[in-house]
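Sequential numbering from 72 applies to the sequence shown in our numbering.
No residue lacks a Cβ here, since even glycine has one placed at the ideal position from N, Cα and C.
The structure displayed is predicted, hence computed values, not measured ones.
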Amino acid sequence: MVGNKVTVGAPWYNSVAVPIGLFLLFLTGVGPLLPWRATSFRAIKRNFVLPCIALWATVAVCLAVGVKPWRDGVFDQGSFYAIVAFALSAAVFTAIASEFMRGTLVIARQSGRNLIWAKYMLIRRNTRRYGGYIVHIGVVIVVVGLAGAAFNRSVESEMALHDKLSIGPYVLECVGATQDSNANYNSEYALLDVYKGGKKQFQMSPEKRVYLASEQPQTMVAIHSRPEWDLYVVYEGTNPDTGQPIIKAFLNPLVSWIWAGVALMFWGTLIALVPSLKPAAQKGGHA
Numbered sequence: 072m073v074g075n076k077v078t079v080g081a082p083w084y085n086s087v088a089v090p091i092g093l094f095l096l097f098l099t100g101v102g103p104l105l106p107w108r109a110t111s112f113r114a115i116k117r118n119f120v121l122p123c124i125a126l127w128a129t130v131a132v133c134l135a136v137g138v139k140p141w142r143d144g145v146f147d148q149g150s151f152y153a154i155v156a157f158a159l160s161a162a163v164f165t166a167i168a169s170e171f172m173r174g175t176l177v178i179a180r181q182s183g184r185n186l187i188w189a190k191y192m193l194i195r196r197n198t199r200r201y202g203g204y205i206v207h208i209g210v211v212i213v214v215v216g217l218a219g220a221a222f223n224r225s226v227e228s229e230m231a232l233h234d235k236l237s238i239g240p241y242v243l244e245c246v247g248a249t250q251d252s253n254a255n256y257n258s259e260y261a262l263l264d265v266y267k268g269g270k271k272q273f274q275m276s277p278e279k280r281v282y283l284a285s286e287q288p289q290t291m292v293a294i295h296s297r298p299e300w301d302l303y304v305v306y307e308g309t310n311p312d313t314g315q316p317i318i319k320a321f322l323n324p325l326v327s328w329i330w331a332g333v334a335l336m337f338w339g340t341l342i343a344l345v346p347s348l349k350p351a352a353q354k355g356g357h358a
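Rendered as structure tokens:
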């Protein structure tokens, strides 16, 4: 030990934490496929067929739509990890879904009832196990959402009246910029019409406030959310030389998936806390 200090940034944490996270994701899928003390090579081979198909099919789809771990002959670590995350997520989801389906079909055959009732009874008979599986599915959805960060985009530009800014499928047109004040704060904001495919979709108005009492600025980000991505627009102030507003836009894919996954994890936890149904007493049994 020589007392030297080393500062590390986000790239170092990504290179260490992301592989560990992906390995843990892999384990969430392997666990349901390896029954405790009842695992044989034949069972492993049978249980891993569908997840492996889902994994490689996802890799093929990613490559086909242009998600590749290299750009202009240079290795792209973010895209590589995203492909691995998508592929493992598909495999884990398939593994858990197949466990649900196997149990559901058994109960449906034994009871003669429909699949919805059979799935409900499957969960109620072992809430800890299947509630845990639902939590695992939530983790998978969160990982998919986090993997979308590899494709985040941002642009920044000074925008005069009717200037346009393109990001992803959207075109932002500045249709106004103004100032306002009240008893609490002074504000500056821009009005932006947002177009997609040449048609106006909605309007956004990012704002910057300065509160009078504290003289502290606050940025009010305009947000438009969709299942596939979130659009954030920030008013960064005005250029002191031209007086034109400076706008920065961010397009972040799959953010809503993170919240959906967290909600599913919470739901699965609640199910796991519910006591399982006790098996019906056998007729003619002994007290």
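For A331, which three-state DSSP category applies?
In the sequence shown, residue 331 corresponds to position 260, counting from 1. In the structure shown, A331 sits in a helix (DSSP, three-state: H, G or I).
So the alpha helix (DSSP H) F222 belongs to, where does it begin and stop?
Here the question's residue 222 lines up with position 151 in the sequence shown. Here F222 belongs to no alpha helix (DSSP H), and DSSP marks it neither H nor E.
Per DSSP, which one or two residues make a beta bridge with H295?
Mapped onto the sequence shown, residue 295 falls at position 224. Bridge partners of H295: L302.
Does DSSP classify N257 as helix, strand or coil?
Position 186 of the sequence shown, counted from the start, is the residue given in the question as residue 257. N257 falls in the strand class under three-state DSSP.
Please state the DSSP three-state secondary structure of V281.
Start at 1 with the first residue of the sequence shown, and residue 281 comes out as number 210. Of the three classes helix, strand and coil, the one that applies to V281 here is strand, per DSSP.
Pairs of beta-carbons, one from the segment 332-345 and one from the segment 201-210, closer than 8 Å: are there three or more?
yes
Whole-angstrom Cβ separation of E278 and Y306, contact assumed at under 8 Å?
Along the sequence shown, read from residue 1 onward, the residue named residue 278 stands at position 207. Along the sequence shown, read from residue 1 onward, the residue named residue 306 stands at position 235. Their Cβ separation, rounded to whole angstroms, is 6 Å, which keeps E278 and Y306 in contact under 8 Å.
Where does the unbroken beta strand (DSSP E) through M230 begin, and where does it stop?
Residue mapping note: residue 230 aligns to position 159 of the sequence shown, counting from 1. Per DSSP, M230 lies in no beta strand (DSSP E) and is assigned neither H nor E.
Mapping the DSSP letters down to three states, classify T313 as helix, strand or coil.
Locating residue 313 in the sequence shown gives position 242, where the first residue counts as 1. Three-state DSSP puts T313 in coil, outside helix and strand.
Roughly how many whole angstroms lie between the Cα atoms of Y241 and R297?
Taking the sequence shown and counting its residues from 1, one reaches residue 241 at position 170. Taking the sequence shown and counting its residues from 1, one reaches residue 297 at position 226. In a straight line, the C-alpha of Y241 is about 13 Å away from that of R297.
Is I342 close to chain C, meaning its C-beta is less than 7 Å from at least one C-beta of that chain?
This model lacks chain C altogether, as it is built from one protein chain only.
What's the C-alpha gap between V345 and M192?
Walking along the sequence shown from the start, residue 345 turns up at place 274. Walking along the sequence shown from the start, residue 192 turns up at place 121. The straight-line gap from Cα to Cα measures roughly 13 Å.
If you drop the 5 nearest sequence neighbours on each side, which residues of the same chain put their C-beta closer than 6 Å to that of R280?
In the sequence shown, the residue the question calls residue 280 occupies position 209. Answer for R280: Y256, S258, Q289, listed in chain order.
Out of P140, F119, R200, which one is the CA nearest neighbour of T165?
To locate residue 165, count along the sequence shown from 1; it is residue 94. Considering only alpha carbons, the answer is F119.
Helix, strand or coil for R180? Go by DSSP, reduced to three states.
Along the sequence shown, read from residue 1 onward, the residue named residue 180 stands at position 109. In this structure, R180 counts as helix in the three-state DSSP scheme.
Which word fits Q353, buried or exposed, when buried means at least 16 other C-beta atoms lie within 10 angstroms of its C-beta?
As a position in the sequence shown, residue 353 is number 282, starting the count at 1. At Q353 the pLDDT is 47, less than 50, meaning the model places this residue with poor confidence and gives no usable figure here.
I need the DSSP call for V246, collapsed to helix, strand or coil.
Translated into positions along the sequence shown, residue 246 becomes position 175. Strand.
Hey, how far is the Cα of G144 from the Cα of A158?
Start at 1 with the first residue of the sequence shown, and residue 144 comes out as number 73. Start at 1 with the first residue of the sequence shown, and residue 158 comes out as number 87. Using only the alpha carbons, I get a separation of about 23 Å.
From the DSSP secondary-structure annotation, give me the bridge partner or partners of S252.
Translated into the one-based positions of the sequence shown, residue 252 becomes position 181. Answer by DSSP bridge pairing, in chain order: N257.
Threshold first: 4 residues or longer. Then list the alpha helix (DSSP H) segments lying entirely within the segment 162-219, N to C.
186-196, 198-218
Report all residues from its chain with a CB closer than 6 Å to the CB of I178; omit the five preceding and five following residues, and keep chain order.
Start at 1 with the first residue of the sequence shown, and residue 178 comes out as number 107. Only A189, M192, L193 meet the Cβ criterion.
Rounding to the nearest angstrom, what Cα-Cα distance links A358 and N185 in this structure?
Here the question's residue 358 lines up with position 287 in the sequence shown. Here the question's residue 185 lines up with position 114 in the sequence shown. Residue confidence for A358 is low, a pLDDT of 39 falling below 50, so the modelled location carries little weight; the figure read from the coordinates is stated next. Spanning the two alpha carbons is a distance of roughly 34 Å.
If contacts are defined as beta-carbon pairs under 8 Å, then V214 and S160 qualify, I think. What distance do you get, rounded to the angstrom?
Position 143 of the sequence shown, counted from the first residue, corresponds to residue 214. Position 89 of the sequence shown, counted from the first residue, corresponds to residue 160. With a Cβ gap of about 5 Å, V214 and S160 count as contacting.
Using only the alpha-carbon positions, how far apart do L283 and I318 sit?
Taking the sequence shown and counting its residues from 1, one reaches residue 283 at position 212. Taking the sequence shown and counting its residues from 1, one reaches residue 318 at position 247. Near 24 Å, if we compare the C-alpha coordinates of I318 and L283.
Give me, in chain order, the residues of the same chain whose beta-carbon lies closer than 8 Å to that of F171; leave out the 5 immediate sequence neighbours on both sides.
Residue mapping note: residue 171 aligns to position 100 of the sequence shown, counting from 1. Answer for F171: K190, L193, Y201, Y204, listed in chain order.
What residue range is occupied by the uninterrupted beta strand (DSSP E) comprising Q272?
Taking the first residue of the sequence shown as position 1, residue 272 is located at position 201. Counting along the chain, the beta strand (DSSP E) containing Q272 begins and ends at 270-275.
Does P346 come out as helix, strand or coil in the three-state DSSP assignment?
The sequence position of residue 346 within the sequence shown is 275, counting from 1. Three-state result, P346: coil.
Quick check on the burial criterion: 16 or more other C-beta atoms within 10 angstroms. Buried or exposed for W328?
Position 257 of the sequence shown, counted from the first residue, corresponds to residue 328. The residue is buried, with at least 16 neighbouring Cβ atoms inside 10 Å.
Is P316 near M230, with beta carbons less than 7 Å apart?
Your numbering for residue 316 matches position 245 in the sequence shown. Your numbering for residue 230 matches position 159 in the sequence shown. Yes, they are a contact pair.
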